[in-house]
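Visitor:
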Amino acid sequence: MSEQIEQHIQDHKEALLQQLNTLIIGERKRFIEQSGEGEATKYFTAKRAIRDDDVMAHLDGERTVGCFYIGKASKFLCFDIDENNPSIPLQLLQLLKDAGFKSEELHVENSGLKGWHIWLFFEKPVPISRLVTFGRYYIKELGSMGTKIELRPEQIENSRRHQVAIC
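Once you know that position 115 of the sequence shown is 242 in the working numbering, the rest is easy, because the numbers rise by one and skip nothing.
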């Protein structure tokens, strides 16, 4: 099962980088980076512009970076799956395909040791309230498998975390 996910990741990695650059990374002058692990995990704002090699290192699982987004609409929705069970992303991918999304519209990346991210991108900004409602619907459809899934953007209401997407 995990071979299917890995193949999907490799087949679409360059396309995912382009989508991240086009639709998510609006502010390139600064970005969020993670240091440490476990209890020692901290996030800091890097004082330089984010580059493609930073994002690719993130996609390869070598580092964790995030970017800032602002406003009440977004051109993306990310399902952040914090469980290393490959049946969860495969089931979610199937639900999204059944809803009419094409395989090439579903961008998957490994999120390190914990699981995966499934990204959906949109040509025009969609109200975050609509994205969150949509995402929560599919998480609920997964039943108990959905308990380890978070959304980005995650909240309908504005907050500091609402303005940061950990890619």
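Beta carbons are placed, not taken as given, at the ideal position from N, Cα and C, and that holds for glycine. The model shown is predicted, which means the values in this text are computed figures rather than measured ones.
Hey, how far is the Cα of GLU231 from the Cα of GLY262?
Guide: The alpha-carbon atoms of GLU231 and GLY262 are separated by roughly 19 angstroms.
Visitor: By Cβ distance, which residues of its chain are closer than 8 angstroms to PHE171, with the 5 residues on each side in sequence left out?
Guide: Hits under 8 angstroms: ILE159, GLU160 and SER162.
Visitor: Express the C-alpha separation of ILE266 and THR274 in angstroms, rounding to a whole number.
Guide: In a straight line, the C-alpha of THR274 is about 8 angstroms away from that of ILE266.
Visitor: DSSP state of LYS326, grouped into three classes?
Guide: With the chain running from 128 to 294 in the structure shown, residue 326 is simply not present.
Visitor: Note the first and the last residue of the continuous alpha helix (DSSP H) segment covering PRO216.
Guide: From DSSP, the alpha helix (DSSP H) with PRO216 extends over 214 to 225.
Visitor: Going by CA-CA distance only, name the one from GLU281, GLU277 and GLU268 that's closest to ASP225.
Guide: The option with the nearest alpha carbon to ASP225 is GLU268.
Visitor: Around the Cβ of ARG178, are there at least 16 other Cβ atoms within 10 angstroms (buried) or fewer (exposed)?
Guide: Exposed, by the Cβ-count rule.
Visitor: In angstroms with no decimal places, state the Cα-to-Cα distance between SER201 and LEU223.
Guide: If I take the Cα positions, the gap works out to 19 angstroms.
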